[in-house]
Amino acid sequence: DVKVTQSSRYLVKRTGEKVFLECVQDMDHENMFWYRQDPGLGLRLIYFSYDVKMKEKGDIPEGYSVSREKKERFSLILESASTNQTSMYLCASGGRTVSRKFFGPGTRLTVL
Amino acid sequence: LAKTTQPISMDSYEGQEVNITCSHNNIATNDYITWYQQFPSQGPRFIIQGYKTKVTNEVASLFIPADRKSSTLSLPRVSLSDTAVYYCLVGDIEFVNDYKLSFGAGTTVTVRA
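Just so you know, the sequences run in chain order A and B.
Numbered according to the numbering used here, the first sequence terminates at residue 1159, and the numbering increases by one at each position without gaps.
Numbered according to the numbering used here, the second sequence terminates at residue 594, and the numbering increases by one at each position without gaps.
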């Protein structure tokens, strides 16, 4: 069974802290994504990676960076967390063709 | 990227059929229609995808008319566990063009006993 796992389900951090969210997939997918989900706003794409060490900005990359050193792992980094980054963060992976993505369970991040 | 419009919410009762229509008037020739389901506190889950006519799997059916300007997701005989948000996405079959597909707000389906 396909699997996308995220390092934490719940996370509480303080303003200014550096935050790492990690995502691992076991499907040998080339493409991985980070979204955030907020009430009334749907899922918004933060960053996308189509290969190791490759990344592209999504719709809302400000305040975030990403790292993909290995094919199965895609990390989202909040360099200096702020309260407006309190949200549900969802990682997904997908193959080369069509638009079928597999999502992880999500990390609910609270920044105090 | 084709813009989609779907109802914000729908209510139903157990055992009924639920039909959610998604409008996508500017769908392009290479675009596929994909539906996802999201339960509370979980990530979205792919449920069905189609290009034209009808597609059926163990979860749902997808009806696409000849002009492809809309599509209807049909959930047969819903149960309480079908309460979820359903997203309609329209995107190019060549992945490199569809990575920015927006999920929008989706349709919140509430099934009551």
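Beta carbons are placed, not taken as given, at the ideal position from N, Cα and C, and that holds for glycine.
Delimiting residues of the beta strand (DSSP E) encompassing residue i
{"i": "valine 1051 of chain A", "result": "1051–1053"}
{"i": "arginine 1061 of chain A", "result": "Neither: arginine 1061 of chain A is in no beta strand (DSSP E) and is coded neither H nor E."}
{"i": "threonine 537 of chain B", "result": "534–537"}
{"i": "glycine 531 of chain B", "result": "526–531"}
{"i": "leucine 554 of chain B", "result": "551–556"}
{"i": "isoleucine 508 of chain B", "result": "Looking at the DSSP string, isoleucine 508 of chain B is not in any beta strand (DSSP E), and its letter there is neither H nor E."}
{"i": "threonine 1157 of chain A", "result": "1154–1158"}
{"i": "phenylalanine 520 of chain B", "result": "Here phenylalanine 520 of chain B belongs to no beta strand (DSSP E), and DSSP marks it neither H nor E."}
{"i": "phenylalanine 544 of chain B", "result": "542–545"}
Residue i versus residue j - alpha carbon distance
{"i": "serine 1153 of chain A", "j": "phenylalanine 527 of chain B", "result": "The sequence shown places glycine at residue 1153 of chain A, rather than the serine named in the question. In a straight line, the C-alpha of glycine 1153 of chain A is about 16 Å away from that of phenylalanine 527 of chain B."}
{"i": "leucine 1159 of chain A", "j": "isoleucine 545 of chain B", "result": "47 Å"}
{"i": "lysine 550 of chain B", "j": "isoleucine 508 of chain B", "result": "6 Å"}
{"i": "arginine 1061 of chain A", "j": "threonine 1133 of chain A", "result": "10 Å"}
{"i": "isoleucine 1093 of chain A", "j": "lysine 1104 of chain A", "result": "6 Å"}
{"i": "lysine 1118 of chain A", "j": "glutamine 523 of chain B", "result": "24 Å"}
{"i": "arginine 1091 of chain A", "j": "arginine 558 of chain B", "result": "32 Å"}
{"i": "valine 590 of chain B", "j": "threonine 515 of chain B", "result": "17 Å"}
{"i": "valine 571 of chain B", "j": "glutamine 487 of chain B", "result": "12 Å"}
{"i": "leucine 1088 of chain A", "j": "isoleucine 489 of chain B", "result": "12 Å"}
{"i": "glycine 1068 of chain A", "j": "phenylalanine 1121 of chain A", "result": "Going by the sequence as given, residue 1068 of chain A is leucine instead of glycine. Cα to Cα, leucine 1068 of chain A sits roughly 9 Å from phenylalanine 1121 of chain A."}
{"i": "valine 1099 of chain A", "j": "serine 1140 of chain A", "result": "13 Å"}
{"i": "threonine 502 of chain B", "j": "tyrosine 1082 of chain A", "result": "25 Å"}
{"i": "histidine 505 of chain B", "j": "tyrosine 1111 of chain A", "result": "32 Å"}
{"i": "glycine 1151 of chain A", "j": "methionine 1079 of chain A", "result": "11 Å"}
{"i": "serine 542 of chain B", "j": "aspartate 548 of chain B", "result": "18 Å"}
{"i": "threonine 553 of chain B", "j": "tyrosine 513 of chain B", "result": "13 Å"}
{"i": "tyrosine 532 of chain B", "j": "threonine 485 of chain B", "result": "15 Å"}
{"i": "asparagine 500 of chain B", "j": "phenylalanine 520 of chain B", "result": "18 Å"}
{"i": "methionine 491 of chain B", "j": "valine 592 of chain B", "result": "9 Å"}
{"i": "glutamine 1084 of chain A", "j": "lysine 535 of chain B", "result": "31 Å"}
{"i": "isoleucine 529 of chain B", "j": "glycine 587 of chain B", "result": "15 Å"}
Cross-strand partners of residue i (DSSP beta bridge)
{"i": "aspartate 492 of chain B", "result": "B:Thr591"}
{"i": "glycine 572 of chain B", "result": "B:Tyr513"}
{"i": "phenylalanine 1150 of chain A", "result": "A:Ala1139"}
{"i": "alanine 565 of chain B", "result": "B:Val590"}
{"i": "valine 499 of chain B", "result": "B:Leu556"}
{"i": "threonine 486 of chain B", "result": "B:Ser504"}
Contact set between the stretch 1096–1113 of chain A and chain C, restricted to residues whose Cβ is under 8 Å from the partner: Judged by its chain identifiers, the structure shown contains no chain C, and its protein chains are A and B.
Cβ contact check for the stretch 1052–1072 of chain A and the stretch 1126–1142 of chain A: 3 or more pairs under 8 Å: A contact exists between the stretch 1052–1072 of chain A and the stretch 1126–1142 of chain A.
3 or more residues per run - each beta strand (DSSP E) lying fully within the stretch 1063–1099 of chain A: List check, beta strand (DSSP E) in window: 1066–1072, 1078–1085, 1089–1098.
Contiguous beta strand (DSSP E) assignments of at least 3 residues, all confined to the stretch 1102–1136 of chain A: DSSP assignment within the stretch 1102–1136 of chain A yields the following whole beta strand (DSSP E) runs of 3 residues or more, N-terminal first: 1111–1117, 1120–1125.
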